[in-house]
Amino acid sequence: MINRTRRLRKTANIRRLVRENKLTVDDFIYPIFIEEGEYIETEIKSMPGIKRFSLDTVSKELDELTTLNIPAVLLFGIPSEKDDTGTETWSDDGIIQKAIRYIKKEYPSLYVITDVCFCEYTNHGHCGVLNDLEVDNEATLVNIAKQALSHAKAGADMVAPSGMMDGTISTMRAALDKEGYYDLPIMGYTVKYASAFYGPFRDAADSAPSFGDRKTYQMDPANRAVGQREAAFDDAEGADILMVKPALSYLDIVSDLKNNFDHPIACYNVSGEYAMIKAAAEKGWIDGERVMMESLLSMKRAGADIIITYFAKEAAKILKRS
Ligand code: PBG
899 MINRTRRLRK TANIRRLVRE NKLTVDDFIY PIFIEEGEYI ETEIKSMPGI KRFSLDTVSK
959 ELDELTTLNI PAVLLFGIPS EKDDTGTETW SDDGIIQKAI RYIKKEYPSL YVITDVCFCE
1019 YTNHGHCGVL NDLEVDNEAT LVNIAKQALS HAKAGADMVA PSGMMDGTIS TMRAALDKEG
1079 YYDLPIMGYT VKYASAFYGP FRDAADSAPS FGDRKTYQMD PANRAVGQRE AAFDDAEGAD
1139 ILMVKPALSY LDIVSDLKNN FDHPIACYNV SGEYAMIKAA AEKGWIDGER VMMESLLSMK
1199 RAGADIIITY FAKEAAKILK RS
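Per the numbering used here, the very first residue in the sequence shown carries number 899; after that it's consecutive.
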């Protein structure tokens, strides 16, 4: 037999030599939930191992991240007060703004990315300004510009808008450039689906919509081609990194983007994907560590350069051992 692929699988060392993809700690962004208040360290029930912290308790988490050499965090804020439009998102004294200043001062080596959205800050839980029962794209863009600028002023290293409003990237780019933030990169939540995999996050961030769903702004899980259009628009509007979200059920999209764009591609290994592995592992039905590493690796194989994941700390520990 001429073709025997098994020849190159015979020993661990030959497998090492021919391995096409490797995970490293350099791939990871770790999401952190920061809540307004004091002494807060609340376990999120559906996300074992993940907590909400207040600014006075978050240092142990940040210490661990820097010890593990995880390059970046993605910040989500949980404010004490919500309103119709989420005005707290652009307050200089908002929880995210305080968190950025604190982290950049105490942990200058950590790269701080902020989620630019409204759903944790609006009393209706939608990702922008409501006009009747619809999210108003244009009115929301005005506020997105204010929020992004406010994060920039507080010292964010990168901003990442997750609301799926059309024209977000160009609006943000113009607002940032006007104030001199030419060098602040934008990571687009470029291809973001209306997904049930966000369930645990909405508990974590207290951001479930109080009525309806997000199907008028987030993408239909049945669609693939429109992901390319979203990416072409974000590219033309000046996005620096293109993201796909969720990750595991959308690896075809990750690979589409990798093949058709030369930006770094990120994917968001979301809360539901984390919860499923944790739950099955807790029951003893799967080997949690191995399934975690295999699924993170599958994201790389599909073409992701960057993986946003709640598993970052655990995976970094395993990578350090091996
Ligand atoms: C906010 C936002 C969501 C997630 C990240 N940013 C929730 C949503 O769109 O409903 C989900 C993250 C996760 O599930 O881990 N717009």
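In this text, a Cβ means the ideal position worked out from N, Cα and C, and glycines have one as well.
Cβ shell of residue i (< 7 Å), same chain only, five flanking positions each side left out
i, result
"L1195", "N919, L921"
"R1199", "N919"
"K1003", "none"
"M1141", "M1085, G1086, Y1087, T1088, A1164, C1165, Y1166"
"V923", "L966, N967, I968, A1214, L1217"
"A1043", "T1069, M1070, A1073"
Separation of residue j from residue i, as counted between CA atoms
i, j, result
"A1129", "A1123", "10 Å"
"L906", "Y1148", "30 Å"
"V916", "A910", "10 Å"
"A1058", "R904", "44 Å"
"L1074", "A1050", "8 Å"
"Y1091", "P1119", "6 Å"
"A1179", "A1214", "19 Å"
"P969", "L1008", "6 Å"
"R1112", "S1068", "22 Å"
"M1070", "L966", "32 Å"
"E939", "L960", "13 Å"
"K908", "G1186", "26 Å"
"E1212", "M1117", "31 Å"
"G1097", "Y937", "26 Å"
"G1078", "A1054", "14 Å"
"E941", "F1099", "12 Å"
Residues near residue i by beta carbon distance below 6 Å, same chain, minus five either side
i, result
"Q1045", "T987, W988, V1014"
"V1189", "I1175"
"D1203", "P1162, I1163"
"P1083", "M1056, D1138"
Assigned secondary structure, residue i (DSSP; H/G/I helix, E/B strand, else coil)
i, result
"K1090", "strand"
"I1205", "strand"
"D1104", "coil"
"Y928", "strand"
"N1029", "strand"
"D1064", "coil"
"P1098", "helix"
"Y1224", "Past the edges of the chain, shown from 899 to 1220, lies residue 1224, and the structure says nothing about it."
"G1170", "helix"
"L953", "coil"
"M899", "coil"
"Y1000", "helix"
Buried versus exposed, by CB contacts within 10 Å (16 or more), residue i
i, result
"N1021", "exposed"
"F926", "buried"
"I900", "exposed"
"K1076", "exposed"
"S978", "exposed"
"G1086", "buried"
"F1209", "buried"
"P1144", "buried"
"L1031", "exposed"
"G984", "buried"
"F1109", "exposed"
"T1114", "exposed"
"I912", "exposed"
"N1041", "buried"
Own chain partners of residue i with C-beta closer than 8 Å, once the 5 adjacent residues on each side are dropped
i, result
"D982", "T1020, N1021, H1022, V1027, L1028"
"I976", "F931, I932, E933, E934, R950, I993, E1018, A1103, D1104"
"D990", "S1048, K1051, A1052"
"C1025", "C1015, F1016, C1017, V1033, T1038, S1060, G1061, M1062, M1063, R1112, Y1115"
Residue i: CB within 6 Å of a non-hydrogen atom of the ligand HEM
i, result
"Y928", "Summarising the ligand content, the structure contains the ligand PBG and does not contain the ligand HEM."
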